[in-house]
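Each number in my numbering corresponds to the 1-based position in the sequence shown with 154 added. The C-beta atom is built at its ideal place from N, Cα and C for all residues, glycine as well. Treat the numbers as computed from the prediction; the structure is a model and nothing was measured.
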Amino acid sequence: MVLLLMSKKPPPLTRFRLKPTIGSLVSPNCRISLGPPPIETAFAQEVTKAQSDKFYKEKYNREKGKSSYTSMETLPEVEHAMEVSKNQSEVSYRRGKEELHHYNVVPDRPDFISAANAAKLASDVAYKSNTQQPVYSDGSVLTRNDILHAREVSKLASQVKYRESFERGLRGQKPCYNPLDCLSFRHTQAAAALASQ
Numbered sequence: 155m156v157l158l159l160m161s162k163k164p165p166p167l168t169r170f171r172l173k174p175t176i177g178s179l180v181s182p183n184c185r186i187s188l189g190p191p192p193i194e195t196a197f198a199q200e201v202t203k204a205q206s207d208k209f210y211k212e213k214y215n216r217e218k219g220k221s222s223y224t225s226m227e228t229l230p231e232v233e234h235a236m237e238v239s240k241n242q243s244e245v246s247y248r249r250g251k252e253e254l255h256h257y258n259v260v261p262d263r264p265d266f267i268s269a270a271n272a273a274k275l276a277s278d279v280a281y282k283s284n285t286q287q288p289v290y291s292d293g294s295v296l297t298r299n300d301i302l303h304a305r306e307v308s309k310l311a312s313q314v315k316y317r318e319s320f321e322r323g324l325r326g327q328k329p330c331y332n333p334l335d336c337l338s339f340r341h342t343q344a345a346a347a348l349a350s351q
């Protein structure tokens with residue numbers, strides 16, 4: 155029986171044959187009626203439509219201030235064209251800059267050289283005259299009270315340090331020099347004794 159079904163060729167498919175009609179879909183034994191839809195179906199359709207409208211309005215309100223121009227992506231061709239024009243402008247700018255650097259006037263005439271030297275000297279003189287600080291004489295600085303006080307303090311401190319180092323170095327030693335052994339000391343003692351008589 156399967157062979158019999160396979161041996162029969164189905165009729166050629168056409169546009170009209172593929173489109174079923176409502177009558178062919180509904181068999182006479184079927185309990186589906188083609189009357190008005192039930193209340194639940196109608197309610198579901200209305201709710202779906204209301205939700206869709208609400209969603210559409212919310213989306214519209216969210217995107218109200220935004221324009222599509224700001225979120226539009228640039229095309230790759232446009233990006234490439236912008237990069238090419240940017241690179242070309244940089245190349246032409248550099249070429250013009252290099253041409254400016256090649257131009258140089260050589261001061262070969264004596265009047266050019268003397269004018270350049272005079273301008274340098276005048277610039278140096280003006281700079282030095284603006285930057286000179288008032289110079290104080292040595293006497294006026296050294297006679298200030300705080301400078302004099304600092305000098306005295308440093309003298310006293312150096313004497314104290316010298317004496318401490320001397321005492322540390324000679325602690326426990328007797329002096330090696332005896333003035334009675336010196337001839338000049340004896341002569342001065344004799345002269346002082348004669349003068350006192």
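Along the chain, where does the alpha helix (DSSP H) that runs through residue i open and close?
i	result
residue 306	299–323
residue 207	193–216
residue 285	264–285
residue 348	337–350
Measuring only the C-alpha atoms, how far is residue i from residue j?
i	j	result
residue 244	residue 216	43 Å
residue 238	residue 246	12 Å
residue 195	residue 209	21 Å
residue 206	residue 233	39 Å
residue 301	residue 307	10 Å
residue 310	residue 296	18 Å
residue 303	residue 336	41 Å
residue 264	residue 278	21 Å
residue 192	residue 204	19 Å
residue 219	residue 241	36 Å
residue 347	residue 299	48 Å
residue 341	residue 313	33 Å
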